[in-house]
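Chains as they are written, first to last, in my numbering: chain A, 406 to 916; chain B, 56 to 388.
We treat Cβ as the ideally placed atom computed from N, Cα and C, and that holds for glycine.
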Amino acid sequence: MGAPEHPPAPLLELKDVSKSFQAVKALRGVSLALRPGEVHALAGENGAGKSTVVRIIGGEHQPDSGELLLEGSPVRFASPREAQHHGVAVIHQEPIQFPDLSVAENVFMGRQPLRRGRRIDRRAMYRRSAEVFEQLGVPIAPARQTRGLSIADQQIIEIAKALVADARIIVMDEPTAALSAVEAQRLFRVARGLAEQGSALLFISHRLDEMYALCDRVTVLRDGAFVATAPMSEIDNDTLVRRMVGRSVEQLFPKRETEIGADVLVVDGLTRAGDFADVSLTVRAGEIVGLAGLVGSGRSEVARAVFGVDDREAGTVTVDGKPLPAGKPDSAIEKGVALVPEDRREQGLVLELSIERNASLARLKQVSPGGITRNSRERALARTWADRLSLKFGSLADPAATLSGGNQQKIVLGKWLATEPSVLIVDEPTRGIDIGAKVEVHALLSDLAARGIGILLISSELPEVLGMADRVLVMHEGRITAEFTREEATEEAVMYAATGNGSSGAKGSAA
Amino acid sequence: MNRIRALLSGRELSIVLALLAVVVVTTAVNPAFLNAQGIHDLFLNASIIALLAIGQTLLVITRNIDLSVGSVMGLTAYMSGQMFIADHETPTIVVVLAGMALGAACGAFNGALVAIAKVPALVVTLGTLYVFRGIDYGWASATGVHQINADQMSSGFLSFGSGSILGIPHLTLIALAALAIAAYALHNWRSGRELYAIGSNPQAARLAGIPAGRRVFSAFVISGALVGLAGVLHASYFGTINASVGTNRELAVVAAVVVGGVAIFGGSGTVLGAVLGALLLTTITSALPILGVPAFWQRAVDGAALLLAISLDRAVMVRMAERLRKERSLRRA
Numbered sequence: 406m407g408a409p410e411h412p413p414a415p416l417l418e419l420k421d422v423s424k425s426f427q428a429v430k431a432l433r434g435v436s437l438a439l440r441p442g443e444v445h446a447l448a449g450e451n452g453a454g455k456s457t458v459v460r461i462i463g464g465e466h467q468p469d470s471g472e473l474l475l476e477g478s479p480v481r482f483a484s485p486r487e488a489q490h491h492g493v494a495v496i497h498q499e500p501i502q503f504p505d506l507s508v509a510e511n512v513f514m515g516r517q518p519l520r521r522g523r524r525i526d527r528r529a530m531y532r533r534s535a536e537v538f539e540q541l542g543v544p545i546a547p548a549r550q551t552r553g554l555s556i557a558d559q560q561i562i563e564i565a566k567a568l569v570a571d572a573r574i575i576v577m578d579e580p581t582a583a584l585s586a587v588e589a590q591r592l593f594r595v596a597r598g599l600a601e602q603g604s605a606l607l608f609i610s611h612r613l614d615e616m617y618a619l620c621d622r623v624t625v626l627r628d629g630a631f632v633a634t635a636p637m638s639e640i641d642n643d644t645l646v647r648r649m650v651g652r653s654v655e656q657l658f659p660k661r662e663t664e665i666g667a668d669v670l671v672v673d674g675l676t677r678a679g680d681f682a683d684v685s686l687t688v689r690a691g692e693i694v695g696l697a698g699l700v701g702s703g704r705s706e707v708a709r710a711v712f713g714v715d716d717r718e719a720g721t722v723t724v725d726g727k728p729l730p731a732g733k734p735d736s737a738i739e740k741g742v743a744l745v746p747e748d749r750r751e752q753g754l755v756l757e758l759s760i761e762r763n764a765s766l767a768r769l770k771q772v773s774p775g776g777i778t779r780n781s782r783e784r785a786l787a788r789t790w791a792d793r794l795s796l797k798f799g800s801l802a803d804p805a806a807t808l809s810g811g812n813q814q815k816i817v818l819g820k821w822l823a824t825e826p827s828v829l830i831v832d833e834p835t836r837g838i839d840i841g842a843k844v845e846v847h848a849l850l851s852d853l854a855a856r857g858i859g860i861l862l863i864s865s866e867l868p869e870v871l872g873m874a875d876r877v878l879v880m881h882e883g884r885i886t887a888e889f890t891r892e893e894a895t896e897e898a899v900m901y902a903a904t905g906n907g908s909s910g911a912k913g914s915a916a
Numbered sequence: 056m057n058r059i060r061a062l063l064s065g066r067e068l069s070i071v072l073a074l075l076a077v078v079v080v081t082t083a084v085n086p087a088f089l090n091a092q093g094i095h096d097l098f099l100n101a102s103i104i105a106l107l108a109i110g111q112t113l114l115v116i117t118r119n120i121d122l123s124v125g126s127v128m129g130l131t132a133y134m135s136g137q138m139f140i141a142d143h144e145t146p147t148i149v150v151v152l153a154g155m156a157l158g159a160a161c162g163a164f165n166g167a168l169v170a171i172a173k174v175p176a177l178v179v180t181l182g183t184l185y186v187f188r189g190i191d192y193g194w195a196s197a198t199g200v201h202q203i204n205a206d207q208m209s210s211g212f213l214s215f216g217s218g219s220i221l222g223i224p225h226l227t228l229i230a231l232a233a234l235a236i237a238a239y240a241l242h243n244w245r246s247g248r249e250l251y252a253i254g255s256n257p258q259a260a261r262l263a264g265i266p267a268g269r270r271v272f273s274a275f276v277i278s279g280a281l282v283g284l285a286g287v288l289h290a291s292y293f294g295t296i297n298a299s300v301g302t303n304r305e306l307a308v309v310a311a312v313v314v315g316g317v318a319i320f321g322g323s324g325t326v327l328g329a330v331l332g333a334l335l336l337t338t339i340t341s342a343l344p345i346l347g348v349p350a351f352w353q354r355a356v357d358g359a360a361l362l363l364a365i366s367l368d369r370a371v372m373v374r375m376a377e378r379l380r381k382e383r384s385l386r387r388a
């Protein structure tokens, strides 16, 4: 009487969990059960609340309401340490290590094997690390300093940490984002092996094919709310996407047909050793060019070098036919380039400053007759853009930190639009903002292109690139490996080029 | 052999070489520099600053700093004297323990503000630099005791400070013992490695479940106890105390630690390096008059050594980053 209908009791369960950050409701009544021996997928768009679920399981956040059940009894993880003590391991999307310490120390921090007198047994630590790396099929020298390891290697260290901790509940937050296909396959084998030994895995990925390849069940979140849980085998691709997005593609990506004009940005042979090599691209007036690729493929680095925040070793950048000097952002601004950086909170805004201050930062000359900044002019400039971007705010004098992610992004955009650029480079413009605001940002980009601005759109969200771009360039390990027209660009083709598969073939069609 | 080479790797070795160079040059100018008394004095002077440097290293490794060390040292030295005024026959061990306890209490105060109230250590200890010194002067003026001389202290206490075993001064033995214990703990204990982890990447330390606040607090307390010990030893060695003992010592200590290769932004460095740094700076200071450089230049030398060491670290860092980038691009190609 084997009862396949009777699943094992969950190791960890979230019941009706809600969590808010100030005004933003990140999670509303989410339930999720992680069973031993099972790989559970968590699906949802950016901003759907997946990271918040991860942080709650990992003990970084505590739920406002609802409860966490560990093997049926309620628990509260007040800190990451407590979560770890209960057998939870979180493998973060962007691995963070101790760069000054050895690889083995990173793996074993806080749980080093001990000899007599509470003395760390370094030999055992190195031996065990070597074994774990062997098991994972990656030869990393345990005694090596961690500084300078590739993201893929650091990811492996994260997994090694979970292995040596004998974690039973393992959360993988987009672990494949920076991995090549071979590395990802290896990771899947490891994940499967862990599940077979009775661990419960939560797997988060943007790539649906990975979910189908690896996972047993899937839970879908949308806008912080629970949508559905279903066995992976009973939900087809289209249904899954529809559940995640909850609205049609046309609504999400209001792309307008535009008249494409002359070249506004020409980049030729841009190189900086270790980050990118021989990058050439052209953006024309009214055109949106998507720059796709895996995290760490060098897209942001190219953007920063074009704008002049970082230096370049070789290559030229011309805007409207005028060459840009290397490493001079002020000259880039003057010649009509604007860069909306990847990290809105760290690089795009000064969070403590008021909305109006932030809005005028790139145009201080304009609001400072005789070198003295006039608040009235600042306010007028900010008001113009706040109206045009339909910004939602209390008062223009409020700190930028008080706004939601979407509205913050609008200020960053407004700040740069105030400089009247001919080229706009946007790096992950919709990361971490809710879906409504996302649609607004997309509409704005469309609108700007229609007004003749050339846009270079860097995004890790393939649907966004495919939905918005007239042309798609793909980067892999610092080089542009493929170029697609809007019609040619499919999720498979772009992903294929981005993971470095058959890049030599795709190179043939590169610009 | 390998062990010794690893021990003296990189920075430590270059300090030893620099030390030898200073000694050779100075001795060539004046052979008296290297006589028994000269070496004896050198080690004595270096011992007190070495104790401070060991404590400071624990903090700098965690990306913190203690600028109040000079004031805490002054306060404990002054308290030692006051204890003898209260009872001329106070046992030496009681004075030592009381000094360490007072130092630890000062460290706990700093540590609580840094670890619990989350105020940057630079600001907290800049404040307590003046507060502790103020208490020191306040005590002196309230009691009217502005200077305490050798004849007011017990002879046991004084002979403890100037005594030696097999020609090695007590103070040096104590500093060496502290060095050995700190080096062992930092290398072999989990809590020691966690100090490095906290300084190397505070966010990662949090995620690794390291109780960063508790560790930083403990580091302040231990460092404070060492500073307290240094204050008592100062009193017993010099035999004359006023409320200004230890003034400006913080600069010399931070310079020694940085010259010794402890990264000012935390995460790397050894106590051995810091102690060698202290020895090097002390040696240079003693060599200056012999080389005909006026003594008032000595603080400038500390400052210059600090700048030189930081520039050197920075240059090495930039070169290493460059190398790693090149390496990565080679692997890709």
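- [ ] Specify, as a first and last residue, the run of the alpha helix (DSSP H) that G286 (chain B) falls within.
- [x] In this chain, the alpha helix (DSSP H) harbouring G286 (chain B) covers A267 to F293.
Open item on the list: Less than 8 Å between C-beta atoms, sequence neighbours within five positions excluded: which residues of the same chain meet that for N165 (chain B)?
Closed with: D121, S123, A176, V179, T180, T183, F275 and G279
Open item on the list: Alpha carbons only, please: which of A:P441, A:F426 and A:L419 is nearest the one belonging to V435 (chain A)?
Closed with: A:L419
TODO: From the DSSP output, in three-state form, read off S865 (chain A) for me.
DONE: If DSSP states are grouped into helix, strand and coil, S865 (chain A) belongs with coil.
Open item on the list: Which complete alpha helix (DSSP H) runs does the segment 768 to 835 of chain A hold, if anything under 4 residues is left out?
Closed with: Correct list: 769 to 772, 780 to 793 and 810 to 822.
TODO: Identify the continuous alpha helix (DSSP H) that holds F593 (chain A) and give its terminal residues.
DONE: Counting along the chain, the alpha helix (DSSP H) containing F593 (chain A) begins and ends at A586 to E601.
Task: N-terminal and C-terminal residue of the beta strand (DSSP E) that D683 (chain A) is part of - done: F681 to R689
- [ ] Quick one: residues in its chain with C-beta nearer than 7 Å to the C-beta of H143 (chain B), no 5 flanking neighbours on either side, listed in chain order?
- [x] Once the five neighbours on either side are set aside, the close Cβ partners of H143 (chain B) are S209.
Open item on the list: Based on DSSP bridge pairs, tell me the residues matched to T131 (chain B).
Closed with: The partner list for T131 (chain B) (beta bridge, DSSP) is empty, contrary to what the question assumes.
Task: contact_flag[the segment 122 to 139 of chain B, the segment 229 to 241 of chain B] where n(CB pairs < 8 Å) is 3 or more - done: no
- [ ] Report yes or no: is there a C-beta of chain B within less than 8 Å of the C-beta of R486 (chain A)?
- [x] yes
TODO: Select from the segment 211 to 245 of chain B all residues with a C-beta closer than 7 Å to any C-beta belonging to chain A, and list them in chain order.
DONE: N243, W244 and R245
- [ ] For R523 (chain A), return the contacting residues in chain B, with the cut-off set at a CB-CB distance below 7 Å.
- [x] W244
Task: Interface flag, G264 (chain B) vs chain A, CB-CB below 8 Å - done: yes
Open item on the list: Could you pull the DSSP bridge partners for A874 (chain A) from this structure?
Closed with: Answer by DSSP bridge pairing: none, since A874 (chain A) is not bridged.
Task: Span separating the alpha-carbon of W194 (chain B) from that of T337 (chain B) - done: 31 Å
Task: Whole alpha helix (DSSP H) elements within the segment 511 to 547 of chain A, 4-residue minimum - done: 527 to 541
Task: Min CB distance F658 (chain A) to chain B below 8 Å - done: no
Open item on the list: Please report whether the beta-carbon of G315 (chain B) lies at a distance below 8 Å from any beta-carbon of chain A.
Closed with: no
Open item on the list: The alpha helix (DSSP H) that contains V71 (chain B), what's its start and end?
Closed with: R66 to V84
- [ ] State buried or exposed for Y185 (chain B), treating a residue as buried only when at least 16 other CB atoms are found within 10 Å of its CB.
- [x] Looking at its Cβ environment, which holds fewer than 16 other Cβ atoms inside 10 Å, Y185 (chain B) is exposed.
Task: chain B contact residues for P504 (chain A), given Cβ-Cβ distances below 8 Å - done: S255, N256 and G322
Open item on the list: Given a cut-off of 8 Å on the beta-carbon distance, is the pair I561 (chain A) and I545 (chain A) in contact?
Closed with: yes
Task: M880 (chain A) in three-state terms, based on DSSP - done: DSSP places M880 (chain A) in strand when its eight states are reduced to three.
Open item on the list: Suppose contacts are defined by Cβ-Cβ distances below 8 Å. Is I665 (chain A) in contact with D875 (chain A) by that definition?
Closed with: yes
Open item on the list: Comparing C-alpha positions only, which one of B:S217, B:T145 and B:A153 sits nearest to F98 (chain B)?
Closed with: B:S217
Task: For M921 (chain A), the nearest candidate out of A:Y617, A:L447 and A:I830 (CA to CA) - done: In this structure chain A extends from 406 to 916, so residue 921 (chain A) is not present and cannot be described.
Open item on the list: Which same chain residues end up closer than 6 Å to A588 (chain A) when comparing Cβ atoms and leaving out the 5 residues on each side of it in sequence?
Closed with: Before going on, a small fix: residue 588 (chain A) reads as Glu here, not Ala. Contacts found: A557.
Open item on the list: DSSP three-state label for I339 (chain B), please.
Closed with: Three-state result, I339 (chain B): helix.
TODO: Would you tell me roughly how many angstroms separate the C-alpha atoms of K770 (chain A) and T778 (chain A), rounded to the nearest one?
DONE: 8 Å
TODO: Check whether the Cβ of M514 (chain A) lies closer than 8 Å to any Cβ atom in chain B.
DONE: For M514 (chain A), the answer is yes, since a Cβ of chain B falls inside 8 Å of its Cβ.
TODO: Quick one: which residues of the segment 118 to 137 of chain B get their C-beta closer than 7 Å to a C-beta of chain E? List them in chain order.
DONE: Going by chain labels, chain E is absent from the structure shown, which instead holds the protein chains A and B.
Task: N90 (chain B) in three-state terms, based on DSSP - done: coil
Task: CB contact flag (D421 (chain A), G477 (chain A), <8 Å) - done: Taking 8 Å as the Cβ cut-off, D421 (chain A) and G477 (chain A) do not qualify as a contacting pair.
TODO: Please list the partners that G442 (chain A) has in chain B, where partner means a Cβ-to-Cβ separation under 7 Å.
DONE: Per Cβ cutoff of 7 Å: no residues; G442 (chain A) is ~26 Å from chain B at best.
Open item on the list: I'd like to know if the segment 289 to 309 of chain B and the segment 103 to 115 of chain B are in contact, where contact means that at least 3 CB-CB pairs between them fall below 8 Å.
Closed with: yes
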